[in-house]
Amino acid sequence: MVEILTPEQLDRARGAGRLVGEILATVRERARAGTNLLEIDRWAEEMIRGAGAESCYVDYAPSFGSGPFGHYLCTSVNDAVLHGLPHDETLVDGDLVSLDLALLLDGVAADAAVSFVVGGSARPQDERMIETTERALAAAVAAATVGARTGDVSHAIGTVLAEAGYAVNLEFGGHGIGTTMHQDPHVANDGRPGRGYRLRPGMLLALEPWVMEDTDRLVTDPDGWTLRSATGCRTAHSEHTVAITEAGPEILTSAHPV
1 MVEILTPEQL DRARGAGRLV GEILATVRER ARAGTNLLEI DRWAEEMIRG
51 AGAESCYVDY APSFGSGPFG HYLCTSVNDA VLHGLPHDET LVDGDLVSLD
101 LALLLDGVAA DAAVSFVVGG SARPQDERMI ETTERALAAA VAAATVGART
151 GDVSHAIGTV LAEAGYAVNL EFGGHGIGTT MHQDPHVAND GRPGRGYRLR
201 PGMLLALEPW VMEDTDRLVT DPDGWTLRSA TGCRTAHSEH TVAITEAGPE
251 ILTSAHPV
């Protein structure tokens with residue numbers, strides 16, 4: 001199902017997006033060497049509940065996971081890139097962390113992800129991966145205009161990733177979002193321009209470029225959720241929820257710490 005939001009729903013989506021951005025920015029600011037992943041998850045829970053919102057992850061049980069997920073935040077570290085299930089694990093200086101958060105506020109969902117390096121020991125390769133996913137995300141947002149097609153958005157992402165020398169995995173990508181977290185259309189991280197679903201005002205898309213340093217193959221942890229690079233290389237992931245409007249694409253999940 002492709003959902004078209006009403007202007008009133010879009011206003012509520014802006015509130016959900018602001019909250020997602022605030023939580024991710026706040027958690028990122030607080031996370032440091034010595035922080036436990038379960039502690040990060042508790043921070044997210046407190047902020048979600050404190051705002052009167054609901055987690056999209058706690059009871060999430062899709063066909064590809066070993067559900068329900070049971071936590072409030074995906075915490076993927078180093079070679080983990082997607083759906084990182086929080087464990088009793090402590091961050092160390094130099095860890096590359098990806099945090100992915102989706103919540104429902106006033107009946108509308110928003111979804112975003114951010115990658116960063118803990119402390120001051122970032123490898124140049126890590127910084128380059130993160131910067132590449134952020135540039136790919138910016139290109140995707142710019143392409144998400146009324147009348148464009150999902151293939152145009154996918155092509156914008158794939159072009160940036162490929163030009164930077166990264167292989168592109170097409171198993172997981174962006175998606176429609178609205179009164180539920182995952183909806184049609186699927187937005188792959190590479191594609192052919194001019195193909196796919198035509199974008200209309202009132203649509204929300206969660207756009208999420210992600211890369212692995214030297215492979216496009218994933219493996220799944222025994223926890224049934226955490227997806228890692230098949231070679232053990234590091235990874236990065238960036239995501240925003242974007243509204244398609246007549247005035248142009250509008251990012252709803254910009255990061256502002258509380």
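Sequential numbering from 1 applies to the sequence shown in the UniProt record's numbering.
Every residue, glycine too, gets a C-beta built ideally from N, C-alpha and C.
A distance below 6 Å between beta-carbons, with the five flanking residues on each side excluded, links ARG192 to the following residues of its chain, in chain order: GLY151.
The Cβ atoms of ALA109 and CYS74 lie no closer than 8 Å to each other.
With a threshold of 16 other beta carbon atoms within 10 Å, PRO7 falls short and is exposed. For MET1, no alpha helix (DSSP H) run applies, since DSSP gives it neither H nor E. Within the segment 59-96, no run of alpha helix (DSSP H) reaches 4 residues while sitting entirely inside it. Within a 10 Å sphere around the beta-carbon of GLY165 sit fewer than 16 other beta-carbons, which makes this residue exposed. Under the three-state reduction of DSSP, SER229 is assigned to strand. Rounded to whole angstroms, the gap between the alpha carbons of SER229 and GLU22 is 29 Å.
If you ignore the 5 residues before and after VAL77, its C-beta comes within less than 6 Å of the C-beta of ASP95 and VAL97, all in its own chain and listed in chain order. Secondary structure of ARG49 (DSSP, three-state): helix. Residue environment analysis places LEU252 among the buried positions, since at least 16 neighbouring C-beta atoms fall within 10 angstroms of its C-beta. In the displayed model, THR145 falls within coil according to three-state DSSP, outside both helix and strand.
Pairing VAL242 with ARG200 gives a Cβ-Cβ distance that is not under 8 Å. By the Cβ-count criterion, ALA44 is buried, with 16 or more other Cβ atoms from all chains shown falling within 10 Å of its own Cβ. Per DSSP, the beta-bridge partners of HIS237 are TRP210.
Residues ASP79, MET212, GLU213, ASP214 and THR215 of the same chain have their beta carbon placed closer than 7 Å to that of CYS233, with the five preceding and five following residues left out of the count.
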